[in-house]
Amino acid sequence: MTPLKTVGHGTHRIDALQRVTGAAKYTSDLHLSGMLYARVLRSPHPHARIRKIDVSKAMALPGVKAILTHENCDTTWSSGDQLNQRKLFNNPVRFAGDPVAAIAAVDRHIAEDATHLIEVEYEVLPFLTDLEEALKPGAVAIHEGGNLSLNNQRQPVPQTYKRGNVADGLKAADHVFEDNFTSAHHNNAQLEMRVSVAEWSGDKLTVHAATQGIANCRTDIAKDLKLNVDNVRVISEYMGGGFGNKNQCQDSDLMAALLAKQAGAPVKLEFTRKEDFVAVHGRWSSRQSYKVGVKNDGTLTAIQFTALSGAGAYRKGSCDLSGTEIYQVPNLETSVSPVYTNTAVAANYRAPAYPQAVFGIESLMDDVAYALKMDPMEFRLKNMTRKFRDQTPYTSIGLEDCIRKGAEKFGWNQRWKPVAGSGDGPVKRGAGMAMGMFGSGLGRSSAVLRLDGQGQYHLHVGVTDVGTAAKTTMGLIAAEELGVPLEKVKVVWGDTDTCPYSVGESGSRTTVQTGMAVIEAVRDLKKQVAEKGAPKGNDVYTAMATTNPPPIQGASRNSFAAHFAEVEVNIETGHAIVTRFVSAHDSGRVVNPLTAQSQVQGGAIQGIGMALHEELLYDKRSGQPLNAGYYGARIMTHLDAPLVDVVWVETDEPYGPFGAKTLGEPTIIPTVAAVANAIHNAIGRRVKSLPITRDKILQALAKKGDVA
Amino acid sequence: MRSFSNVNPKSLKEATSVLKQKGQAAAIVGGGSDALGMVKERLITPDVLVSLKSIRGLDKVTEKGGEVVIGGLITLDALSRDPLIRKNYNVLAEAAGKVGTPQIRNAGTLAGNVCQRPWCWYYRNGFPCFKNGGNTCFSITGENEFHAIFGGGPSFIVHPSDTAPALVALDAKFRIVGPSGERTIAAADFFQLPSVNPARENALANDEVLAEIHLPAAKAGARGTYHKEMDREAWTHAVVSVAVVMEMDGQLCKTARVVLGGVAPIPWRVPKVEAMLAGKRITPELAAQAGAAAVEGARPLAKNQYKVPLTQAVVKQTLMALGG
Amino acid sequence: MKKISRRRFVEGTSAGIVAVAAVPAVQAQQKTPPAAAEPATTTGANPSVPRTTIKINVNGVDRRVEVEDRWTLVELLRDHLQLTGTKIGCDRGECGACTVLVDGTPLYSCSQLAVWMNGRSITTVEGLAKNGKLDPLQEAFIEHDAPQCGYCTSGQLMIAKALLMKNAHPTRDEVRTAMTGNLCRCSNYNHYVEAVMAAGGTAPATGGGNAA
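Quick note, the sequences are listed as chains A, B and C, same order.
Numbering-wise, our numbering puts 549 at position 549 of the first sequence, and it's gapless, one number per residue.
Numbering-wise, our numbering puts 1256 at position 256 of the second sequence, and it's gapless, one number per residue.
Numbering-wise, our numbering puts 2152 at position 152 of the third sequence, and it's gapless, one number per residue.
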């Protein structure tokens, strides 16, 4: 790969200064003249019909200016449920935390006091917290059509994929392995709590939204509020993380807008941390079953994968589970059934369908390797994917190098123990690894590039930069294509009035999709300069580009990764800690190694938290969440986080801006499985349920067997 | 937050007088973090917060006639760093140093930590349990992963304090000041089992303040340590902990105090283990026997059986580390 | 390592260093008045709520403010003194985003009432840069890409500042232990620690990115 001038060199974030001086204005930092504060009243019941709401006492509290309930607000929240089953205020309410009212007042304390004055009469309904219970005949139907969520064609069938014939494949196997795995619902837990600020100016609505996609947020708001999209402006200059829970528009955006309209004043609607855990969304839980057929020499003959995924009370996310694609196998059947329960909703959280599924398949494949007395690394090198779904070539694939170079950096041969659980003393060390992949397709996005008479470029892109340094990345791509230093490119972002469509920072698509639009805009502008000469004085040249490349014919574009973990487990106390971690990534060309390293280290540490700590725990008898919040979730602290070494495998990728492939989400995909496999290597027992907490480790050791 | 007024009394007399006057409508605040969190959650709904920060002189460590007197309002950070405490009462310095985080220790007080309400998630989420004025305990048939294996019933909370087991191990006495006078009771008598009153964890009345903690003169050859097992590396309450003080005579342990945290509604002294160690050398075998003895009579619930081997291991490992 | 010239890009941005020391640059949507020594007025809320007038020094400026007894310190700073650099991540003392220095001691400002701060001196992130010059910690945070989303950054800066004031050359473990009360969900812990160590002179001054 030829080195480039600007792209590929570690560069500070262009907005780092704002972030380290407190000057960056996040949505909750806004104080508009006459601004009201709003809070939401939520159902205390997991499933109930609202018989009566009396808001009179709340409205009578001095300082209260507006209120919404299902009685005066029928608005649908279309991005809150893929099947359009969700309004802002639902009746019946379907989880403890489902909104019942939103109230705006002159200060937040009055708004909070007012929520306590709203009187609601509920008819409590039977509720469900367990996936398998939800599918039993006679279980209360959470939505029309039952608790197996309908697919996009509104059929109550699982999401399936098939190639070859699994029954034949299993017959052809020398050994068949079967096992089950579960994973818990856990939260994005980004530092910035949900907040929306809305103000009207005549017919024009401005929403200051903490969103990952200002363009999508805008079209969603226009759609749900039945407004002309030209009359909606979305601004998100800085936002404090989301990892997928700030895509599109959220109910808080719509509620704030409607309250602002009613009150005739701007409204800031704030969630508490508990609300952010319970009433936004988290990663869907899973119950996974596998059957794997393998030959004596370790060749895979078949994989059968059946699973339930926990949608929660609404179908906000795809609820898919994706892990088997990393293996080459002629016969594969997968079936995933999203199931409703009266619990917190599940939707996008950093590679939504992946780390929990990879935990399942990679734990099992690890067991297969041990059973065949093969080094788990060799087993993976033998069986790893070489073509997408065994038929379509990859545009570029560096998975083998990820495994080999990652293993070398990690010291796999020194750290992995051929006999799991061996070693003296109560403190045992062990090593584990896992592989992962993530689609990096091309898609539509836009960019606008201006050149002024002073030679300064202005790049307008609709990114908000959830923390990925997307603004800097776009600037670097433009600078590279222009052949100028980054300082010459001023990036303008975060406002639909001044920025064109960007896909939004989800699916790890910004670098690729918006990056390509940026390159097109540069080429267009260069043409203009070639034709007209450079602009002078007050002249400004503008180039607008929308790229919407067709799907790549005959090739599949993906990023790849291999993660390696070493853990130390005290088998008397069950205490486990990750002592060493290596992340090896093929994301094509790395545009900005400095910020990319942050992404990789961050994803790994988040993944370790998912492996060891995090679960939103429900009390089964009452349907109440018990541990919503940072303390309850045991989010990773400075002392929990190991040093994460990053190994870049930069493949020569023919597509994408300078060959860049997706990075943000792959960073967490193999992590959880690597940690789980390391624990198994350390103690000789497998915990097959996430999170792998102390009590499960001690149980596995006491039982002298695995723990489901 | 629900509204309240804050008063800054200048003396304990003034503070307890306000408490008596206001009754249930008042709540005392030491460092403030715990109380404020409970007000925000509406677990308590005081109309008046009585902030003890304005009372001077309640935060010192002084030697008085052989005893060491610690003002209840000393911050956990100051306590963990105090040279006298570190030298002669190390178990307490270590316990204080393991509470929360640096920021929490900079504000939180010793008295506040000792009087901290439970972190049982049923209580904290407002379930109508004994601690919230109800007449049941939801953990018994619910999510009791972190609840008691000793001394439980009718409530099965575990006492959340780190300093409390250390103080019991040090035979501390508590000087309690109320509107009509004061009393001094042994730490061991301060903490009360739920069988006494399931709504409370200690003997402090609503209008009383834990003003001072008295430690007896340190014995020659005394050493102590506080071991805390947590479910992440910091910033959580003990899953299981142990405070150990040993009076050493050369290689022999003359006397020992062993007090468990995270296993019972009160700091859980284990006299049987203490008796086993008296006059003996701490060998790996003895430590292992002590660990086994420590969990005799444990009555785990459906989901906290793991606390039994954990407690056993913690006692064994800590005895070896301190006395081996 | 390709560096952008910080001086030039500061001049080119609207919220530059000048804005940091005083009040953030007034933008179209903000119409709040500059901080002054008069009592800050409230937003016309419930008059029967108990209030107290307090004297407080914030980033070197003496203020006399009338506060509701129930206002937390962080609320006073953010909503009434226009100092929005300090963030609220949980409002329960469980994340550290709201860390400020009170008489040089780091505390969670969400867990302190404003009325308890009478007579105290508060330092927030806006008070770190002096006379338009960034604190070495701020420089190091930029150099080592410490902020990702940036929401925990102010808190991490303040706790790191408190550490370096007591221990100018901390080891890696001392940094992690001192900062353990500050969560970063982007989980950029490795870079934060590198940055603090660099500011303390115990680690390389230039940031990584091209791992072997």
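Positions of the beta carbon are idealized from the N, C-alpha and C atoms, including for glycine.
- Here A1217 of chain B is exposed: its Cβ has fewer than 16 other Cβ atoms, across all protein chains shown, within 10 Å.
- Under the three-state reduction of DSSP, M1248 of chain B is assigned to strand.
- Put simply, the CB of P1165 of chain B is far from chain A, with every gap to its CB atoms at 9 Å or more.
- Distance from the CA atom of A344 of chain A to the CA atom of H575 of chain A, rounded to whole angstroms, is 29 Å.
- If the five residues before and after T160 of chain A are omitted, its C-beta is found closer than 7 Å to the C-beta atoms of T334 and S335, all from its own chain and listed in chain order.
- The three-state secondary structure of H2080 of chain C, taken from DSSP, is helix.
- Across the set A:I679, A:V267, A:A357 and A:V569, the C-alpha of A:A357 shows the shortest separation from the C-alpha of G436 of chain A.
- Residue-level contact check: R1002 of chain B touches chain C, since one or more beta carbons of chain C fall below 9 Å from its beta carbon.
- In this structure, DSSP gives H116 of chain A a state outside helix and strand, which the three-state scheme calls coil.
- If you ignore the 5 residues before and after E121 of chain A, its C-beta comes within less than 6 Å of the C-beta of R51 and K52, all in its own chain and listed in chain order.
- Excluding sequence positions up to five before and after P657 of chain A, its CB lies within less than 6 Å of the CB of I477, G515, M516 and I519, all in the same chain and listed in chain order.
- Of C:T2086, C:V2125, C:M2117 and C:S2121, the smallest CA-CA separation from T2053 of chain C is found for C:M2117.
- Against chain B, a Cβ distance below 9 Å from D54 of chain A picks out nothing, because the smallest value is about 20 Å.
- For Q2138 of chain C, the residues of chain A that pass the 7 Å Cβ criterion are V20 and T21, in the order they occur in the chain.
- Nearest neighbour of I1074 of chain B by Cα position, chosen from B:T1163, B:A1199, B:T1045 and B:S1139, turns out to be B:T1163.
- For the 9 Å CB-CB criterion, I692 of chain A and L612 of chain A form a contact.
- Look at N1006 of chain B here: in three-state DSSP terms it is strand.
- Close to T1016 of chain B, with beta-carbon spacing below 8 Å, lies no residue of chain C; the smallest spacing is near 20 Å.
- One alpha carbon belongs to L125 of chain A, the other to V157 of chain A, and they sit about 26 Å apart.
- Closest option to K704 of chain A, judged by alpha-carbon separation, among A:R685, A:L690 and A:R694: A:R685.
- Taking CB atoms only, K1040 of chain B has a neighbour in chain C less than 9 Å away.
- T1062 of chain B is outside the set of residues whose beta carbon lies under 9 Å from a beta carbon in chain C.
- Spanning the alpha carbons of H143 of chain A and D465 of chain A requires a straight line of approximately 36 Å.
- Under DSSP, R287 of chain A shares a beta bridge with A:T182 and A:L308.
- Using a 10 angstroms sphere on the CB of K2055 of chain C, the tally of other CB atoms stays under 16, which defines it as exposed.
- In the three-state reduction of the DSSP assignment, S1241 of chain B falls in the strand class, which pools E and B.
- Taking each of A:K295, A:Y457, A:T385 and A:G629 in turn and checking the Cα distance to E325 of chain A, the smallest one comes out for A:T385.
- Three or more beta-carbon pairs drawn from the segment 238 to 256 of chain A and the segment 264 to 271 of chain A are found closer than 8 Å, and the two stretches are therefore classed as touching.
- Rounded to the nearest whole angstrom, the C-alpha separation of G1057 of chain B and L2163 of chain C is 27 Å.
- The C-beta of D2145 of chain C comes closer than 9 Å to at least one C-beta of chain A.
- By the CB criterion at 9 Å, G1152 of chain B and R1299 of chain B fall inside the cutoff.
- For the pair M239 of chain A and T219 of chain A, the CB atoms are not nearer than the 9 Å cut-off.
- Residues of the segment 2108 to 2125 of chain C whose Cβ lies closer than 7 Å to any Cβ of chain B, in chain order: Y2108, S2111, Q2112, L2113, V2115 and W2116.
- Runs of beta strand (DSSP E) with 3 or more residues, each lying fully within the segment 1128 to 1206 of chain B, are found at 1173 to 1178 and 1181 to 1186, listed in chain order.
- When the alpha-carbon of Q1251 of chain B is set against those of B:R1281, B:V1069, B:A1290 and B:A1222, the nearest one is in B:R1281.
- Separation of the CB atoms of I1149 of chain B and V1308 of chain B is rounded to 6 Å, and the pair is thereby assigned contact status at 8 Å.
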